[in-house]
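Engineer: Right, I'll just put the structure down here and ask away after.
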Amino acid sequence: MPVTVLTVPGLGSSGPLHWQSLWEQHYGYSRVEQQEWEAPVCADWVQGLEQAVQAAAGPVVLVAHSLACSTIAYWARQHSTGPVRAALLVAPADTEQADFPAQAVGFAPMPLHQLPFPSIVVASSTDEYVPLARAAHFARAWGSRFVEAGALGHINSASALGLWPQGHVLLQELLRDVG
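Read in order, the letters of the sequence shown are residues 1 to 179 in my numbering.
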């Protein structure tokens, strides 16, 4: 059975120039939609992710950005993760930072337990939402392979990555291992 790739955007969703949106258009991946993108509640996002995973046919690989990384960690602690075979966790936002957006509720403390599926954490040395050392700490706690992507900011639309081929290579590694 073919693998379903679900993109899981962060706060505000991913705009039209974000690599997640471009991957959806170019490769045909599906997006996990949330009811509230601007003032998210963790429990609601976890439930939205659960609904998307359960609705997917066959095995699932998740591709998360920013706040969605902690959403996946919370989800994995609360639900059966059987359909999910792997996750690419890009630019995990540190929900414990003093300047973390107040409109995002219930995402702290940062979940720090081993994920029950293979994962790769990708972080930038110039990400304003998580210091590189902190992202590496998340990767260790989650049991993830850690990849430093260089000076790419928050690895979002402002980073102007287009289809972000380097990220897609990492996703292909996960997909190969699942297949």
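Think of the CB as a built atom: it goes at the ideal place given N, C-alpha and C, for glycine as much as any other residue.
I need the DSSP call for H79, collapsed to helix, strand or coil.
Structural biologist: Three-state DSSP puts H79 in coil, outside helix and strand.
Engineer: Sort L171, Q166, V3 and S14 by Cα distance to S66 and report the nearest one.
Structural biologist: It is S14.
Engineer: With DSSP run on the structure shown, which of helix, strand or coil describes I194?
Structural biologist: The requested residue 194 is not part of the displayed model; the chain covers only 1 to 179.
Engineer: Tell me whether L115 is buried or exposed, calling it buried when 16 or more other Cβ atoms sit within 10 Å of its Cβ.
Structural biologist: Buried, since its Cβ has 16 or more Cβ neighbours within 10 Å.
Engineer: Can we say the region 81-97 touches the region 163-179, given the rule of at least three CB pairs closer than 8 Å?
Structural biologist: They touch, by the three-pair rule.
Engineer: Can you give me the C-alpha to C-alpha distance between A55 and D94, rounded to a whole angstrom?
Structural biologist: Looking at the two C-alpha atoms, the distance is approximately 29 Å.
Engineer: Under a Cβ-count criterion, where at least 16 other Cβ atoms within 10 Å of its own Cβ denotes burial, should V121 be classed as buried or exposed?
Structural biologist: Buried, because 16 or more other Cβ atoms sit within 10 Å of the Cβ of V121.
Engineer: How long is the line joining the alpha carbons of T71 and R134, rounded to whole angstroms?
Structural biologist: Each residue's Cα considered, the two are about 17 Å apart.
Engineer: Could you check the C-alpha separation between E24 and T7 for me, to the nearest Å?
Structural biologist: Taking the straight line joining both Cα atoms gives about 8 Å.
Engineer: In the DSSP assignment, what are the bridge partners of L67?
Structural biologist: Its beta-bridge partners do not exist; DSSP assigns none.
Engineer: Do G106 and W19 have their C-beta atoms closer together than 9 Å?
Structural biologist: No, these two residues do not count as a Cβ contact at 9 Å.
Engineer: Hey, how far is the Cα of V130 from the Cα of S124?
Structural biologist: For V130 and S124, the distance between alpha carbons rounds to 9 Å.
Engineer: With a threshold of 7 Å on Cβ separation, who are the neighbours of P118 within its own chain once the five nearest residues in sequence on each side are excluded?
Structural biologist: So the qualifying residues of the chain are A86, L174 and D177.
Engineer: At what residues does the beta strand (DSSP E) containing A87 begin and finish?
Structural biologist: Note, A87: beta strand (DSSP E), V84 to V90.
Engineer: Using a Cβ-Cβ cut-off of 6 Å (strictly less than) and excluding sequence neighbours within five positions of A73, which residues of its own chain qualify?
Structural biologist: Once the five neighbours on either side are set aside, the close Cβ partners of A73 are P111.
Engineer: Kindly indicate which residue of E128, A57, W75 and V61 has the alpha-carbon position closest to the one of A98.
Structural biologist: Ranking E128, A57, W75 and V61 by Cα distance to A98 puts E128 first.
Engineer: Could you give the distance in angstroms between the alpha-carbon of A64 and the alpha-carbon of P9?
Structural biologist: Going by the C-alpha atoms only, they are around 6 Å apart.
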